Structure formats: C-alpha cells, structure tokens
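Chains as they are written, first to last, in our numbering: chain F, 1 to 430; chain E, 1 to 91.
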C-alpha cells in the first residue's frame, strides 16, 4: 500500500527535538515548554535544516495545498496535519492607504479572513492540535484573550478532541459567542488575561491536558512562522523592507522573523535586512515602554484598553521583541484607544478591510511611524492584520455613521439622499 | 508565618512530586531560602548566578505578581498563598 503512505511517512519529520532559547539545554520533543533543568527559559523546536533544504524548493512549495501545510517541512509535526484550510490569506496591495499615508509600496497581510475562525490564531492552533494528537492528548485547552479560544474550540471540534478553554470574563460578546458555538467547556475567569494564564499554568500542573499556549507552546508558536513564509512567497519570492505587526506576548513578532530567516537559511530567498516595528495599545504597552526607556527587561502592567486581544500585561516574549526591533533598526510604538478606532476606520474606508482593535492598533502605529519619518516612503512595507472586526463591533459602534431610516417611497429617499450629499460635502471641506 | 507554596510541575522533582508545600517565611526572599533548606538544589532553579529570581519565572502572592508589590522583599503573612509560574505565551 505504498501509494497511500503519507509524505512524512516516506521522509520522516524534519525536527529533532527541543532546545532552550536562553541556555541551549536540549530536551526530547515531548509536551514541555520551559527549560526545567537549568534556567526556565522558553524551549524552541530544533530542525534539521539540511534535511529541509534537500526536500523543498520554490516549485515544491508552490505545488502544495493553499494552506499553511504547503510549508509542512518547516513545521514540527510527524504525521498528517489537521488541515482546516488555515493560511494562505490575501496579501493585499494597499494603494489607497499608501497614498493617504504617503508611502510608495504598502501591503496588508489580511489574516482577518483566515480559516476557520478569522484570526492568525488558526495557524498556531492547527500546528498545536496536530502535535497534541501526536503526543496522545485527548483534551486540549488554552488561556485566551478571545481569538485563541475561538480557534482552539473550532479546530478541536473538527479534530474530535475534547476542549476546555479559559478567557477573561469581560471579553467582547462576539468572541464569547464565537467560542461557545463549537460547544467546548468555556471558563470565563473573573480577572485579566495574565490572571487567566496563571490559573491555567496551575491547571496544567494537575490535569493531563494539552494547553496550546503552555505545554504545547514550542510547537504552537511555530505556526506563526507561516506569516513570514507567505509574505515572501506572495511578494514574488522577495523579502519586504519593513514590517509592522501588533505585539501582545511578542511571540508573533519573533516568529515572523524566524520565518524570514529560515527561508534565507535554506536558500529560498536572498538575504536582506528587514526592519521590524511593533504596535501596542497605550493602555497595555509594557514592551513599548521598555523599548522607549532602553530597557531589555519588561515591567508588567495592568491592561486598560479596548484592544483586548493584545492586552497582555506580562508578555513572555517581550525581551525578544525588543532585541529584534533594535537589531533591525525598527521601533516599537503605542497609540491610544481613540487612535485605534481611527485606525480601524482608516483601513476599512481606504481598503475595504474591517479589522478588530489589534489591527486598528497596527494601522494607527503605521500612520504614526510614517508621520515621524520612521518608515521611509520608499520602503516596501507590510502591515500584519491579525483579526476580524466583526468580532469586536462594540469597539466602533459609537464611532461610525448611522443608517438613514426612510419610507419605501421615492420622495423619502430623495430627501435622505440630499441630506447625505450635503453631509458628504461638508465632511470633504472640513 | 506559615505560607502555602504552589510548585509548578518542572520543580516537583525537588519536592517529592508535591504540587503544594507549606513553609515558614516572612518574605519572598526568605521563602526562597526556606525552600532551599527543605529541598536542596531548588534555589539554583529559581535564581540566576547573581542570586536574582530568573526573568522567565513569575511569582505571585495571593494572585498578585510580586513585581506589582515589592519584588523579592514582598512580605508574607500567615495563610498567604505563593504561586511560582513559568512565563507562557498566548493571546
């Protein structure tokens, strides 16, 4: 039955184990996430890049599925993946927004239309649950600011895994509903995300569950690398000059970089320095504060912002995000809640993309950095939009227009249309 | 000052697989010493070579991160619960 053997069965996995990112201590590739024998640093997956190099080319990747699994040799799985069509989201040439901001070449990587749950989290969860199944877990879990809960519940449902997820109790309704519909057990914890995470660490100690962002974290976080690979491929196998991405725990930022570096390492793209700039909300900006003060350590904060999906007051990968911004001559900046809402509206009005508050943060920081001269108009810039605005309609409900309620009569329409036209004209001259 | 300490899985090899231990300590720094006294070797996991708590470890006293309190000098009272939690990613 060789015809039914999977690719991986014929060629074997490309990862060889785990290693501490801080001290280099090696570990076997089980369900563990910290350097328990030495320093408690985060563990990372170790790959055999020679094996990857011998198996992949631009042609093999282009012939793969239109999902993150076209890059499966770069991902830490052994067998067949849970493929729910995650990834390969549009890279939109954002001409209108570029003109508005005064940039020559701007792209939006739109993970607000990722599958199945409309955020970049589907990437990390697809990888984490594939690995969870391989490691023998039957129940999966996570601590989430909302998007991760949606994704874990949905993909667990598809994979037939039991699911119990934890969120702060004050999340937006859309994110709560968008989890409950998949019928997991949902724990709404009275506290902020950092408190939820602490509780989950304690639950992970005592229940034999696969927590995607705790004991499966080394595998989970690798899924974000695909946001790097896809941008390279969609730019015609080229690196951009500058990227802007939201910073919550800082993990996404570091993994986009790792994705770029790996494609360089295996010869899929020519080496070039890419500048990395990060976006935070002022109401939860521990990484931006540390960056501004020239610190390499993070002082935790208590979040108070509408950008709940990125409201992590104690970001685990914050120090690495600062290292990357410094090493690439990028920057890390924060914007306030009003600017975030303006960012959401700006992206929607210019490009037809409705993002959530994290995306509003990214666009507002992009605008700010252009105004401050920190993004060169000549740079090919990519802004990463990581979530969908329909999940957080509360954030913009009071900041956008109202419909004209009219009778089903031509006169009524005419009157309203005239009103609309004069309002439009007034706005244009304002 | 008897306090309850929640031990994360990776450190339970020092505590005979106990997930929770009771110790006498008046501050977080004293707690680290008390843990070392009862479970030799555990201090080197909690602190770096300069004796500071490792940056990837979070310590909570009654659910509050000690960095919002007085860090290592945070005082402990009878019945307090101290939680040792390795940093995690997420969102």
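By construction, the Cβ of each residue, glycine as well, lies at the ideal position given by its N, Cα and C atoms. Predicted model only: the values in this text are computed from it and were never measured.
- Rounded to whole angstroms, the separation of the alpha carbons of residue 26 of chain E and residue 2 of chain E is 9 Å.
- One thing to note: residue 57 of chain F has its Cβ within 9 Å of the Cβ of residue 268 of chain F.
- Per DSSP, reduced to three states, the secondary structure at residue 182 of chain F is coil, with no helix or strand assignment.
- Residue 67 of chain E reaches chain F at 299 and 300, counting residues in chain order whose Cβ is nearer than 7 Å.
- Residue 379 of chain F carries a coil assignment under DSSP once its states are collapsed to helix, strand and coil.
- Beta bridge pairing from DSSP links residue 187 of chain F with F/166.
- Boundaries of the alpha helix (DSSP H) around residue 290 of chain F: 286-292.
- When DSSP states are grouped into helix, strand and coil, residue 242 of chain F belongs to the strand group.
- Assignment of beta strand (DSSP E) within the segment 322-398 of chain F, counting only whole runs of 3 or more residues, yields 332-335 and 380-385 in chain order.
- Residue 133 of chain F counts as buried, since at least 16 other C-beta atoms from the protein chains shown sit within 10 angstroms of its C-beta.
- For secondary structure counted as the alpha helix (DSSP H) over 4 or more consecutive residues, the segment 187-256 of chain F holds these complete runs in sequence order: 193-206, 217-220 and 226-234.
- Legend: CB atoms of the segment 206-217 of chain F lying less than 7 Å from CB atoms of chain E belong to residues 206, 213, 214 and 217.
- Residue 197 of chain F and residue 140 of chain F have their alpha carbons spaced roughly 15 Å apart.
- Close to residue 55 of chain E, with beta-carbon spacing below 8 Å, are these residues of chain F in chain order: 297 and 319.
- Membership of residue 54 of chain E in any beta strand (DSSP E) is not indicated, and neither H nor E is assigned to it by DSSP.
- Contact between residue 309 of chain F and residue 357 of chain F holds: CB atoms are separated by about 6 Å, below the 8 Å threshold.
- Annotation: residue 23 of chain F to residue 38 of chain F spans about 8 Å, alpha carbon to alpha carbon.
- At a C-beta separation below 9 Å, residue 28 of chain F has no neighbours in chain E, since its nearest C-beta there lies roughly 14 Å away.
- Beta-bridge annotation (DSSP): residue 71 of chain E is not paired with any residue.
- Within the DSSP bridge table, the entry for residue 143 of chain F names F/166 as partners.
- Residue 221 of chain F and residue 124 of chain F do touch by the CB rule: their CB atoms are close to 6 Å apart, below 8 Å.
- In the same chain as residue 319 of chain F, and ignoring 5 residues on each side of it, the C-beta atoms closer than 7 Å to its own belong to 296, 297 and 298, in chain order.
- In the structure shown, residue 97 of chain F adopts helical secondary structure according to DSSP, grouped into three states.
- Under the three-state reduction of DSSP, residue 311 of chain F is assigned to coil, being neither helix nor strand.
- Residue pairing for residue 107 of chain F: DSSP places it in a beta bridge opposite F/93 and F/382.
- Around the beta carbon of residue 417 of chain F, a 10 Å sphere encloses fewer than 16 other beta carbons of the protein chains shown; the residue is thus reported as exposed.
- Cβ proximity to chain F below 8 Å picks out 45 and 48 from the segment 31-51 of chain E.
- Closer than 9 Å to the CB of residue 88 of chain E there is at least one CB belonging to chain F.
- Look at residue 402 of chain F here: in three-state DSSP terms it is coil, with no helix or strand label.
- For residue 20 of chain E, the enclosing beta strand (DSSP E) stretches over residues 20-24.
- Comparing alpha-carbon positions, the option among F/118, F/51, F/286 and F/277 lying closest to residue 375 of chain F turns out to be F/277.
- Cα atoms of residue 390 of chain F and residue 177 of chain F: separation of roughly 12 Å, rounded to the nearest angstrom.
- For residue 204 of chain F, a Cβ of chain E is located within less than 9 Å of the residue's own Cβ.
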